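Before any comments, here is the structure.
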Amino acid sequence: MRRRSFLLLGSAVCWAISGRAEAHEGPHAARVITDVLEARIEGRVLNLRLRIESLDGPVFLQGLWATDADVRSWVQDGRGRGGVLPEQVIVLEFSNAVPSLFTLTLDFGEAGISTVLVTPRR
289 MRRRSFLLLG SAVCWAISGR AEAHEGPHAA RVITDVLEAR IEGRVLNLRL
339 RIESLDGPVF LQGLWATDAD VRSWVQDGRG RGGVLPEQVI VLEFSNAVPS
389 LFTLTLDFGE AGISTVLVTP RR
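In short: position in the sequence shown from 1, add 288, done, that's my numbering.
Have a look at this one:
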């Protein structure tokens, strides 16, 4: 009887784990190509221009962030076409000096998130 209880418990655990895995299915990373067109430093402020192209159809950039930085302004310049978003003009203010290398995280809502490595010019 003990062995049967153990097998039943093991089956229940496997079933519960597989159910949790199914609950988290779906895209977690947006399939985009991001080009940093400009990364200019002015003190603790970084001016960025990005070009973003979606590989999976239209997406909408809902937010962005970088460690130790506040977004001072963010403007979509122009109109997007197809999977290409309008040019993104972003001003980040860092709490200390602008790092020589950092990751910018882009949030595309339901389409997922994407990251881009930024190396500002000094």
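Positions of the beta carbon are idealized from the N, C-alpha and C atoms, including for glycine.
From a predicted model like this one, the values you see are computed outputs, not experimental measurements.
Could you give the C-beta distance for L334 and L380, rounded to a whole number, given that I count them as a contact under 8 Å?
5 Å
So if DSSP puts G351 in a beta bridge, which residue, or which two residues, is it bridged to?
D395
DSSP state of R332, grouped into three classes?
coil
Please go through the same chain and pick out, in chain order, the residues whose beta-carbon is closer than 8 Å to the beta-carbon of L349, but skip the five residues on each side of it.
I340, Q364, L373, Q376, L394, D395 and F396
So, is S383 buried or exposed, given that buried needs 16 or more other C-beta atoms within 10 angstroms?
exposed
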